[in-house]
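Using this note's numbering, the first residue of the sequence shown is number 2, and each one after it goes up by one. To start, the structure under review is shown below, and the notes come after it.
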Amino acid sequence: METKNIKVAFVTDDGNTISQHFGRARFYEVVTIEDGKITHRERREKAGHHTFHGQEEHGEHHGPGHGFDEHSQGKHRMMADIITDCQMLVARGMGNGAYQHMLNANIKPIITNIPKIDDAIQEIIKGTIVNFTEKLH
Numbered sequence: 002m003e004t005k006n007i008k009v010a011f012v013t014d015d016g017n018t019i020s021q022h023f024g025r026a027r028f029y030e031v032v033t034i035e036d037g038k039i040t041h042r043e044r045r046e047k048a049g050h051h052t053f054h055g056q057e058e059h060g061e062h063h064g065p066g067h068g069f070d071e072h073s074q075g076k077h078r079m080m081a082d083i084i085t086d087c088q089m090l091v092a093r094g095m096g097n098g099a100y101q102h103m104l105n106a107n108i109k110p111i112i113t114n115i116p117k118i119d120d121a122i123q124e125i126i127k128g129t130i131v132n133f134t135e136k137l138h
């Protein structure tokens, strides 16, 4: 994927660190990279577990097929709608259903082990960011 000109959404609660759980993060830190340089950075509110009050709680361990039912897909759609202008999404953890939904929305999800957004940006620019899909749950 071309990384010299790209818009990337990072899941975050503070704008500095990448959240360990896609569904629980409150914000996206959206970074526009042009010619290998950051040209714009903004924070967007993100739908997530905090948005879906009164609906079933997520545990840390999900059974097979979790995240693929119609109810979950509706939640994933809400979480993706605000970043449809992004080509990449970076988190430190994510469910299989959300991951697949992002792929279907033409947003490349990256599961990283890098805690800081600024460090991940540099890896994206260099084209060396690693996708740890084994962290999917």
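Note that CB positions come from ideal geometry on N, CA and C, so glycine has one too. This structure is a prediction, so every number in the text was calculated from the model and none was measured.
Can you look up His138 in the DSSP assignment and give me helix, strand or coil? In the structure shown, His138 sits in coil (DSSP, three-state: anything other than H, G, I, E or B).
Ala99, DSSP secondary structure in three states: The answer is helix: DSSP assigns Ala99 an H, G or I state.
Considering only DSSP beta bridges, list what His41 is partnered with. In the DSSP output, where bridge partners are listed per residue, His41 has Thr33.
In the DSSP assignment, find the alpha helix (DSSP H) that holds Ile126 and state where it starts and stops. 118-127 is the extent of the alpha helix (DSSP H) around Ile126.
Where the beta strand (DSSP E) containing Phe174 begins and where it ends: Here the chain covers residues 2 to 138 and nothing more, so residue 174 does not appear.
Hey, would you say Lys117 sits closer than 8 Å to Asn17, going by beta carbons? Cβ atoms of Lys117 and Asn17: closer than 8 Å.
Between which residues of its own chain and Glu35 is the CB-CB distance below 7 Å, once the five residues before and five after are set aside? The beta carbon of Glu35 sits closer than 7 Å to those of Asn6, all from its chain and outside the five residues before and after it, given in chain order.
For the beta strand (DSSP E) containing Val91, list its first residue and its last residue. Counting along the chain, the beta strand (DSSP E) containing Val91 begins and ends at 89-92.
If I measure Cβ to Cβ from Gly60 and keep anything under 6 Å in the same chain, skipping five residues before and after, which residues do I get? Confidence in Gly60 is poor, its pLDDT being 44 and thus under 50, which makes the residue's placement unreliable; the coordinate value appears in the next sentence. Closer than 6 Å at Cβ, skipping near neighbours: no residue.
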